[in-house]
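Engineer:
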Amino acid sequence: MYVVASEISDYEVRRELIRIKSEGIRLLDNLREVIEFLPLTKEVMQKAAEFWAEARQSHIPTADAQNIDADMIISAQWSLLSQEFPGRDVLIATTNIRHLRIFAEEKAMEWKNIIL
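Per the working numbering: the sequence shown = residues 4 to 119.
#1: Which residues in the same chain as Phe54 place their Cβ atom closer than 7 Å to its Cβ, once the five residues preceding and following it in sequence are excluded?
#2: Since I believe Lys110 is in contact with Leu94 (beta carbons under 8 Å), could you give me their beta-carbon distance rounded to a whole number of angstroms?
#3: Given a cut-off of 8 Å on the beta-carbon distance, is the pair Leu41 and Ser9 in contact?
#4: Mind checking which residues open and close the alpha helix (DSSP H) that includes Glu57?
#5: By Cβ distance below 8 Å, which residues in the same chain neighbour Ile117 in space, the five residues on each side in sequence not counted?
#6: Output needed for Ile38: all residues of its chain with C-beta closer than 7 Å, excluding positions within five of it in sequence on either side, in chain order.
#7: What is the DSSP secondary structure of Glu39, counted as helix, strand or coil?
#8: Return the CA-CA distance between Ser12 and Ala73, expressed in angstroms with no decimal places.
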């Protein structure tokens with residue numbers, strides 16, 4: 004089993020920890036010693052833009068049109084990992100599957116329901 008997270012997830016958690024002046028930032032920093040954080044590469048961002056546009060064209064808004072859409076970025080990273088590792092079960096573990104299921108379908112799962 005190989006567990007990774009997205010840099011965009013770190014960003015979303017970190018900004019709130021900074022806002023509330025939480026000591027949890029140290030724990031978030033320590034998490035980097037346990038799992039890898041996938042970078043936001045040109046390829047990832049281009050795929051995320053494609054997903055965002057496809058969702059919008061299908062009249063499925065996933066975030067405010069002016070905001071960066073973290074769910075589409077995570078979906079793009081999932082898609083690219085799935086292509087990189089064909090035949091492997093690449094899952095998105097989350098607490099909110101709604102927008103992630105648009106492209107990842109059943110591969111986006113509530114983290115507590117994943118059984119290995």
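Note that CB positions come from ideal geometry on N, CA and C, so glycine has one too.
Structural biologist: Based on what the coordinates show:
#1: Within the sequence shown, numbered from 1, the residue matching residue 54 stands at position 51. Answer for Phe54: Met75, Ser78, Ala79 and Phe106, listed in chain order.
#2: Numbered from its first residue, the sequence shown carries residue 94 at position 91. Numbered from its first residue, the sequence shown carries residue 110 at position 107. Right, the Cβ-Cβ distance comes to about 5 Å (below 8 Å), so this counts as a contact.
#3: Counting from one through the sequence shown, the residue named residue 41 turns up at place 38. Counting from one through the sequence shown, the residue named residue 9 turns up at place 6. Yes, the pair counts as a contact, with Cβ atoms nearer than the cut-off.
#4: The residue you call residue 57 lines up with position 54 of the sequence shown. Element bounds for Glu57: Lys45 to Gln60.
#5: Position 114 of the sequence shown holds residue 117. Same-chain partners within the cutoff: Leu94 and Ala96.
#6: Taking the sequence shown and counting its residues from 1, one reaches residue 38 at position 35. Once the five neighbours on either side are set aside, the close Cβ partners of Ile38 are Val6, Val7 and Ala8.
#7: By one-based count along the sequence shown, residue 39 stands at place 36. If DSSP states are grouped into helix, strand and coil, Glu39 belongs with the strands.
#8: Start at 1 with the first residue of the sequence shown, and residue 12 comes out as number 9. Start at 1 with the first residue of the sequence shown, and residue 73 comes out as number 70. Roughly 8 Å between the two C-alpha positions.
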